[in-house]
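Everything on this sheet refers to the single structure shown next.
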Amino acid sequence: MIALFETGDRYLVPGDKRLFHRVPGGRVPMFLEAVVTIAISSQKGGVGKTTVAINLAYAFARGGSRTVLVDADPQGSVGLSLTRQSRLLTGLYDYIDDPALRAEGLLVPTRMETLSLIPAGQASDYDLNASAPASGIARLRCLHDELAEGGVDVCLIDTAAGLFGATADVLSVSDAVLVPQQAEPLGIRSVPKMLEALTRMRIANPRLVILGVVLTMMQELLPESQESGKALRAMMPREMVMKTVIPRGDLFVKASARGLPAGVMEDGDEALALFDRLRIEIAGKLGFVL
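If you count the sequence shown from 1, position 53 lands on 52 in numbering that gives the first Met the number 0, and the numbers rise without skipping.
Structure representation (structure tokens):
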């Protein structure tokens with residue numbers, strides 16, 4: 000299980016999972032239970048966002064944190080990667096549209112007791128080209144609270160590409176955001192603008208922590224890929240680029256084809272260690288005790 004160190008006016012009491020606000024002369028509980036919500040977002044598709052979300056969720060769950068992976072992409076990327084029946088399941092967008100639905104009814108268990116999924120469901124008014132319904136943010140906050148009441152420690156949300164519609168609402172209720180970015184020249188140039196846009200979103204959600212960019216699809220034998228990584232580190236503050244780098248590899252494709260995290264595969268030891276390092280790096284930035 001995880002706990003938070005004291006951070007600003009919010010803190011956890013050792014042995015007590017309730018998250019408190021600090022107020023003069025005392026403290027006021029924020030939630031019945033503390034759950035940390037991390038959005039996995041990118042400006043464009045094809046950067047390995049879903050791969051990062053799936054394998055990072057597995058790393059948190061394997062580390063002992065009760066973890067829920069939410070598919071907030073109307074295309075159902077997580078669901079299609081892990082179960083071909085996902086489009087038939089009630090999911091996030093059904094929950095947003097129907098106030099009668101409860102979070103516990105959306106959870107899809109996995110073989111790992113500490114890891115559950117919430118599929119995308121039916122996008123309805125929340126599709127990629129429509130504006131989000133007025134109830135969207137309120138229902139997302141309800142989802143957060145219900146997961147907290149259910150004892151969830153970490154909620155990872157795989158969003159659609161871009162910072163509009165459903166993704167903007169997810170970021171409005173998240174505690175942190177991680178930005179996967181493919182290690183290639185054209186994509187790297189757009190990263191500063193992406194981070195500027197996320198910084199502006201902190202006006203609506205001041206508690207949003209921008210964890211930084213995680214380089215993906217790095218190719219060791221391709222000079223252009225290596226140079227792209229170096230260029231990103233040169234243009235960004237050091238703390239805004241994660242130390243962990245995700246390589247391009249056939250293992251991730253094979254794992255997706257079988258509906259599994261890469262670490263479950265027979266030759267998945269390196270992937271396990273890689274995403275465990277990313278988990279620990281994120282935990283350190285957010286002040287977790289693992």
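We put the beta carbon where it would ideally sit given N, CA and C, even for glycine. For clarity, every value in this text was computed on a predicted model and none was experimentally measured.
Taking every protein chain shown into account, the CB of Thr215 has 16 or more other CB atoms within 10 angstroms, so this residue is buried.
Pairing Leu105 with Ser255, the inter-Cα distance amounts to about 22 Å. Taking C-beta atoms as the reference points, Leu116 and Thr109 count as a pair closer than 8 Å. Cβ atoms of Thr158 and Ala58 stay farther apart than 8 Å, at about 19 Å. Residue ranges of uninterrupted alpha helix (DSSP H) with 4 or more members, entirely inside the segment 26–65 and ordered along the chain, are 48–61.
Here Ser189 is exposed: its Cβ has fewer than 16 other Cβ atoms, across all protein chains shown, within 10 Å. Under DSSP, Pro222 takes part in no beta bridge, so it has no partner.
The three-state secondary structure of Ser189, taken from DSSP, is coil. Per the DSSP secondary-structure output, Pro246 pairs in a beta bridge with Met217.
By the Cβ neighbour-count rule, Gly135 is buried, with 16 or more other Cβ atoms within 10 Å of its own.
Note: Gly120 is not bridge-paired with any residue in the DSSP secondary-structure output. By the CB criterion at 8 Å, Leu155 and Ile39 fall inside the cutoff.
Taking each of Pro179, Thr243, Met217 in turn and checking the Cα distance to Gly44, the smallest one comes out for Pro179.
In this structure, the straight-line span from the alpha carbon of Val35 to that of Gly164 is close to 22 Å. Thr166 and Gly267 have their C-alpha atoms roughly 31 Å apart. In its chain, beyond the 5 residues on either side, Leu170 have a beta carbon closer than 6 Å to the beta carbon of Met200. Excluding five sequence positions before and after Leu271, the CB atoms of its chain that fall closer than 6 Å to its own CB belong to Gly262, given in chain order.
Annotation: Gln74 to Asp97 spans about 20 Å, alpha carbon to alpha carbon.
Distances from the CA of Ser173 to each of Asp152, Arg140, Pro191 were compared; the closest alpha carbon is that of Arg140.
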